[in-house]
Each structure stands twice: as C-alpha cells, then as structure tokens.
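Worksheet for the structure shown next.
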C-alpha cells in the first residue's frame, strides 16, 4: 500500500514536473526571437550574478570566476582567470584594475562605456533581415537551468554567426558561441555554474591579493575623441556594414595620428586604421583569438582593418579604402 | 565515464587505445570531452590535470601516426604563402593536436579556406605569431578593443598590456624612470595611488 502510494506520488511529481517544463517551453514559444534579445539586453544590464565561466577558443580551454553587480547604474565586476598568469580584472564604475599577480603589477585603465562580460552579444536594437536572421533553435539545459537557444545566422561569409543560450526564467545569457563559416564554434563562453540575482557581499568584489608594494601603472587617459570628416571611403564594403564613427587617434608621442574608422553591421565591428607613410612593407595578415587583421598599402598610406570577422572581410574592407576625389 | 577513468589512470590499455582513436576522429566528442575536463577541473579546484595532458599527448601521437600530418602540410602549402612553410613542422603538429582535442578551428594554418578576396600571394605575409608580438599591430588591436564592446577584444587588450608590462619592467631596470615614460605608453607609478 505504502509502495503504491510512493509510486503514484512519484508518477504525479514526474507529470507535474513535465507540465512545468512544458509550460516554460510554451512560455518561451510565446516570445519572438527579437523579444528574447530585448529581454537579454535588459537582463545583462540589471542582473547581479556570480559564477564560473569556461571559455573555449583557439584550442584552449580557459576558466574564470566572475562576480557582477549593478547598483544605481554603476557596474562593479570582478573576473579572475584561473589559468595562465592568474589575471584579475576588477571594475568599479569606469575605473578598471588589471591585476597581474605573477608580475606583482597593477594596470589602471578607464573604460568609458558600460561594457561588461556579455556586452559583446547582440542587442535587441539590431535590425535583422539584411545581414542576419535570428530564430529560436531549441531548448536545452545549461548550468542546471532551462534555456532557450537562439541562432543568429549571417546571410553571407563576411561575418560570423552566433548561438546564444538564454535562461528562460530571466533572459540572462548562460552560454554563447561565435560560429565560423564552417558552422563550427570559433569561440564559446559558457557558465559551468551560476547564481543569478544572488546577494553579493562587497568583499566578493575586492581583489584576492594584497597589492601593497606592487608596481602600479596608469594607462594615460584617452583624450575625448573628436569626430572628424574623413577623406576616406570604401568603394566595395560588404553589404550591411556602415561607418559608425571616424576619429583621429595618436598611437604614441613619436608617431603621427592615424585615422580610425569604425564600421559595424549592427553586430560585428571592424576598425580601419589609416596611417601615412608607405615604408615598402608587404601586406600582412595576423590574428589574436577570433580577431583578424589585414594590412595593405594604398598609395602613400598603410591601411589596416581589424575585427572579429573572417579574413575575407578585413581583406575586402582594407583593400577597398579610397581617398575621396 | 571513460574519459574520467583515463584521466585517473584507471582505464585498461586496450580501452584507452579505443578512446584515443575515437577522440581523434570525432569532433563532437572532442568538444564534449574538452568541456567535461574543464568543468571537472573547476569543480575540483584544479587548474591543470596531469591526466588530461597525457590524453592530449596520446591524441597528438595518434594523429602523427596517421597521414593527417601530411594532409595538413599539403593544405598549408596550398592555401598559405611561402612564408608559412618554414614554420610548418612544429607549429602545425601542435595545431593539429589542439584541434583534435578541442575541435575548435584555428585562426591560422591548416584549415584556412580560400579567401573570396585575394591579394597577390607573394605580397601577403602570414603571421603565425599573434599580433601582440608585432609592435605596429599591437596599438591597433588595443584601440579596436577600446571601441569594440567585445569580451574577446578586451581580453586580447589585457594580454597585450601584460606583455607591455614585461617590457616596461625590463626597460625600468635599465633606464631612469623619467626616460621610461612617454606619452601614449603606460606610466609606471611607484606606489599605489
């Protein structure tokens, strides 16, 4: 008798559990992909969380712990890299400390935006249809939480795709992949565990190290950038990319300014740097992580395009730059 | 799980052989294993696992026994410039091993696809060393990182800064502090602000 009761109870629990998950899936289906992206955008800006993140890129697996709070619009964040040199990045508002324990050094930088760990993801502002399509791909479980998987597919080979796993309950991104043109992930960031909207102690945001007696470096404050009218245009820009800003930048005291044009398709960004001086060097490709660059010579200028886009894109953009006539 | 037993040194040799062979041929399984190993290490509070290193070496050895190495070299010679060839020996072996284990595409080397927009092959220098070792490119990657709200770009910038700090420290050992600081470079501060 007791056994039958347990069996029925268990069956009821399983049925209720199934109904609950089913209800979550139906609720997820009620939202369009764009609504999910808007929800994600809001969650990234307002959610407090802490957890462990695994990043796979270039055949390497890196792990880091992250603590993140937002209060009165001020972002506080600590990221501790568990491999390599044990770098800690601690952000308090716009001030960022990069702590290198192996060198007993601290680099102080100023970030003038609200970018955080997951701000690389597309926002709900992105207009789909021209360069990308977005769809709900599937439902999976990440870090013990039910997630809806969004697939963002580019229309051509000039940009990468994305897959994003969003927590069904909050819309927070639990996993993200950058997808290459062979449909394989180029880069993946995934929470192995996460506590969302956790009570986070202020001490959790402090450095793990006592930095007394360490060497401190200050990155010179970047001068307020002045928009300039560029004499340069692209005569063969890949579809969907447009100029979003143009500035003159000083690389160092002993070099002349470079023109820095930032192109975006709403998701991917490509910087184009144009410097005077043709020093007879050959064209050059290079890469760091998922960022590719291509340098070529156009007239008396050296033109370099850098971005998290395929080789073909940086090559085409750099090679298409022309002086206005 | 077989991988766990292998990492713990508890998998019989014949089963270990089969596991290594499967991993060298199955990209999806490799990615699952990479995640499993990474997450397991974190959960155990370990950040390097001797067993996973053994697994990595075994897969690399398995790959070297097969003609894949020759295929990779051939692919490089077809798709890359002549500047890559002197580096192909060691670098490509390491790349193949890493790709085999983690199933991720390398940004340079064996699986470069033909570019839609080509420049004259003789004019293109393929950099097999990351841009952080290139004094001309480093500041450009940094500036791009500052204007691109990408974690990847920010992480790259942090690593480039780390390299600069090494150089800065070396310079400081040789130069008076006032000579070591110039506009546009990181400024050393002797004490905490």
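Residue numbers (the numbering used here), protein chains in the order written: chain A, 1 to 325; chain B, 326 to 518. Here a beta-carbon is modelled for each residue, glycine too, at the ideal position from N, C-alpha and C.
Query, Result
"Nearest-angstrom Cα separation, counted from residue 61 of chain A out to residue 42 of chain A", "29 Å"
"Below-8 Å beta-carbon distance, residue 410 of chain B vs any chain A residue", "Interpretation of residue 410 of chain B is limited by its pLDDT of 26, a score under 50 that renders its predicted location unreliable; no figure is taken from the coordinates."
"Nearest candidate by alpha-carbon position, reference residue 155 of chain A, set A:144, A:132, A:170", "A:132"
"Residue 354 of chain B at chain A interface by Cβ criterion, 8 Å", "no"
"Three CB pairs or more closer than 8 Å across the stretch 48-56 of chain A and the stretch 185-205 of chain A", "yes"
"Residue 308 of chain A, DSSP secondary structure in three states", "coil"
"C-beta neighbour in chain B for residue 306 of chain A, strict 8 Å", "yes"
"Nearest candidate by alpha-carbon position, reference residue 206 of chain A, set A:35, A:67, A:86", "A:67"
"Local Cβ density within 10 Å of residue 94 of chain A, reported as buried at 16 or more and exposed below that", "exposed"
"Contact with chain A by residue 343 of chain B, beta-carbon distance below 8 Å", "no"
"Neighbourhood of residue 158 of chain A by C-beta distance below 6 Å, restricted to the same chain and skipping five residues each side", "238, 313"
"Proximity test, Cβ basis, 8 Å: residue 468 of chain B and chain A", "yes"
"Candidates A:325, A:320, A:306, A:321: closest to residue 464 of chain B by CA position", "A:306"
"Residue-level contact to chain A via CB, residue 464 of chain B, 8 Å cutoff", "yes"
"C-beta neighbour in chain B for residue 50 of chain A, strict 8 Å", "no"
"Beta-carbon proximity list for residue 177 of chain A, same chain, < 6 Å, skipping 5 on both sides", "163, 185, 188"
"Given residue 172 of chain A as reference, the closest of A:293, A:316, A:38 once Cα atoms are compared", "A:38"
"Beta-carbon proximity of residue 245 of chain A to residue 321 of chain A, cut-off 8 Å", "no"
"C-alpha gap between residue 65 of chain A and residue 339 of chain B, whole angstroms", "38 Å"
"Per DSSP, cross-strand counterpart(s) of residue 236 of chain A", "According to DSSP, which records beta bridges pairwise, residue 236 of chain A is partnered with nothing at all."
"Near-chain B residues of the stretch 286-305 of chain A - C-beta to any C-beta below 8 Å", "286, 287, 288, 289, 290, 291, 292, 293, 295, 296, 304"
"8 Å Cβ cutoff met for residue 291 of chain A and residue 304 of chain A", "no"
"Beta-carbon proximity check, residue 148 of chain A vs residue 36 of chain A, cutoff 8 Å", "yes"
"DSSP beta-bridge partners of residue 292 of chain A", "A:287, A:307"
"Nearest neighbour of residue 264 of chain A, chosen from A:309, A:63, A:296 [CA to CA]", "A:309"
"Simplified DSSP state of residue 425 of chain B, which is helix, strand or coil", "In this prediction, residue 425 of chain B scores a pLDDT of 31, lower than 50, which makes its location untrustworthy; no coordinate-derived value is stated."
"Nonlocal neighbours in the same chain, by C-beta distance under 7 Å from residue 236 of chain A, ignoring five residues either side", "316, 320"
"Residues that residue 154 of chain A bridges to, as DSSP identifies them", "A:132"
"Test: residue 251 of chain A CB closer than 8 Å to a CB of chain B", "yes"
"Residues bridged to residue 161 of chain A [DSSP beta-bridge criterion]", "A:179"
"Residue 311 of chain A versus residue 268 of chain A: straight-line alpha-carbon distance, rounded", "13 Å"
"Contact set between residue 262 of chain A and chain B, taken where Cβ atoms lie within less than 7 Å", "472"
"Three-state secondary structure (DSSP) of residue 211 of chain A", "coil"
"Same chain, Cβ closer than 8 Å to residue 106 of chain A, five either side skipped, listed in chain order", "97, 98, 99, 100, 211, 214, 215, 216, 217"
"Same chain, Cβ closer than 6 Å to residue 175 of chain A, neighbours up to 5 away in sequence not counted", "142, 165, 190"
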